[in-house]
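Following: one structure in structure tokens, then a few remarks.
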Amino acid sequence: MNENKYKKLALNTVIFAVGNFGSKILSFLIVPLYTYVLTTEEYGMIDLFITSLGLMIPFSTMMVNEALIRFTLGKEMTPSEAASNCLVIFCFGAIGSILLTPIYKRIFKFDGYMWMFVALLVIQTFNRIYSEYFKAIDQNVKYTILGLVSTVCTLGFNLLFLLYFKLGIRGYLYATLLSAVVSSIYILIFSDFFKTVSLRNIDRKVLTKILKYSIPLVPNSLMWWIMSAGDKYIINYFLGDASNGIYSLALKIPQIINMVYALFIQAWQMSAIEVNLSENKGEFYQKVFSVTSFAMAFIATGIVMLVKPVYSNVMNKNFIVAWKYVPLLSAATVISCYSSFFGVVYTVGTKTKKAFLTTALGAAVNLICNFILVGPFGIQGIAVGTCLGYAVVLAVRVNDMKKEMGISVDLRLNFVVFILLLLQSYTLIMYGEMAVLVLGSISLMFIFYMYRTEINVIYKKFLHKK
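If you use the numbering used here, the sequence shown closes out at 466, no skipped numbers anywhere.
Structure representation (structure tokens):
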């Protein structure tokens, strides 16, 4: 039984990887297309559109997607009860999104594109809630296929509207909207939505329980948005659309780290809920975190070593300068992944208010540092502020893990790796790619040596088949 939880974690990670890897890698591979068909200003505007959409979705969903999977996997609600009561929140969210259109026009000023903004908000609200249903009922393969369908549609519609019809910004938004519609159709058909969701299962007590769990996650999500995306509004205000386009492109490479981590975190959350009552969960947490740390360190070091030649040879010349900001943003992304890992203490313990408080503290540090540093250091100052914000969240959550669950995690090796990343970043900017290639190679050897135990765990627990 002890080995089964590792095997199940590995299996779920692989299943989610198949569905998500395509969309994640597509978001990276399609970037050169955007840099050649869009100007830096247009790319910056599109990124603000999607970022603004990300800001509103937690409010329209009320984050009940998290409650759906938590209570269904935890056997506290039947799938039909959870899905049926979540429909009430979706309806309120959809109606509210439509009624708030005049306010959106004043805030976001997406002239000519507001109808697409609202349509995308409604459709993605539905997709965000009910895509989780597949995981909640352990139909992970269907969830995987949903990811593949979304990926194929996104790629096909982008090629059609951007390359063939040459519609620019409008073409990008058409592609995004149609891909979301296809995903909704898939969910309706393959989740047995019309059989599962029943008005008879709508219950005030169940609905209250869902909202009590999910509502604190709304401001928590908002705080994460401030740290991960709010930077773009500060850049846009102080430095302009073009700089925002550069910063957005600089974030694409670190997203490789997020891409790999995202394949794992969904399976990790499910496993953490399932082993909550296990006596040796502390050992399980420590081993899984150690393996995760090794993967993050390896990928981040490789990114810093290769980022300059990749940007120089692949991107349009107007975007090449973005490589300078990738190293620090990669370090920030690693810290963010660690913070997310330890955030499971709040999910498992249904203490979502604490999740908000920790994230709010990090967001406050991030905002203050951004406003102080954007003037003298520009985009690089934003990257520093992002690192500091995530570091605060990590420190608090590690402490909460110890207090709430009695699980202590040694972060000394992670701190050493972070220092190595900073040294590589400095070396790359000051001395060029050959110098960082040498330092990076030494760092990789060090990482393999220091994580030799974790590499052995990967082999024994996840790869070795008896």
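Every residue, glycine too, gets a C-beta built ideally from N, C-alpha and C.
Start and end residues, alpha helix (DSSP H) containing residue i
i	result
R128	M114 to A136
T51	T40 to T61
Y186	G168 to F190
E81	P79 to L99
L422	R412 to Y431
R204	R204 to S214
S228	L217 to S228
V374	T352 to F377
F194	F193 to T196
V31	V31 to V37
Contacts around residue i, its chain only, beta-carbon distance under 6 Å, and the 5 residues preceding and following it disregarded
i	result
Y133	A83 and S191
N414	S293
E454	S290, V291 and F294
S425	P327 and L328
T427	A435, V436 and L439
I89	M62 and V64
F193	none
DSSP-derived helix/strand/coil call for residue i
i	result
P309	helix
P254	coil
E66	helix
N318	helix
Q139	coil
L239	coil
E454	helix
F342	helix
E76	coil
V409	coil
F165	coil
D231	helix
D111	coil
Sequence-distant residues of its chain with Cβ nearer than 7 Å to residue i (five each side left out)
i	result
S214	M62, M63, V64, E66 and A67
K212	none
Y449	none
T51	A229 and K232
Y311	I320, A322 and W323
S339	Y390, V393, L394 and R397
Heavy atom of the ligand MN within 8 Å of residue i beta-carbon
i	result
F110	This structure does not include the ligand MN; it has no bound ligands of any sort.
Presumed contact (8 Å Cβ cut-off) between residue i and residue j, rounded CB distance
i	j	result
S184	V149	The pair is not a contact, with the Cβ atoms about 11 Å apart (cut-off 8 Å).
I257	T333	5 Å
I235	N244	5 Å
Y172	I46	6 Å
V304	L388	Not quite, the Cβ-Cβ distance comes to about 19 Å (not below 8 Å), so this is no contact.
L120	L177	6 Å
F508	Y104	In this structure the chain extends from 1 to 466, so residue 508 is not present and cannot be described.
G378	S248	Not confirmed; about 15 Å, so no contact.
Beta-carbon contacts of residue i that lie in its chain and below 8 Å, excluding the five residues immediately before and after
i	result
G168	V37, L38, E42 and L162
I226	A363, N366 and L367
K465	Bear in mind that the predicted position of K465 carries a pLDDT of just 49, short of 50, making it too unreliable to give a figure here.
A94	S60, V122, T125 and F126
F71	M77, A82, K209, I210 and Y213
M223	F356, T359, A360, G362 and A363
L55	L222, W225 and A229
L251	L329
Buried versus exposed call for residue i [16 or more other C-beta atoms within 10 Å across all chains shown]
i	result
F356	buried
N313	exposed
P79	buried
R397	buried
I372	exposed
S443	buried
F342	buried
T35	buried
T101	exposed
K209	buried
L188	exposed
I447	buried
L99	exposed
P32	exposed
P309	exposed
K399	The sequence shown places Asn at residue 399, rather than the Lys named in the question. Flag for N399 reads exposed.
I137	buried
G375	exposed
I419	exposed
Y164	exposed
Residue-level contact to chain C via CB, residue i, 9 Å cutoff
i	result
D138	You won't find chain C in this structure, because it holds only one protein chain.
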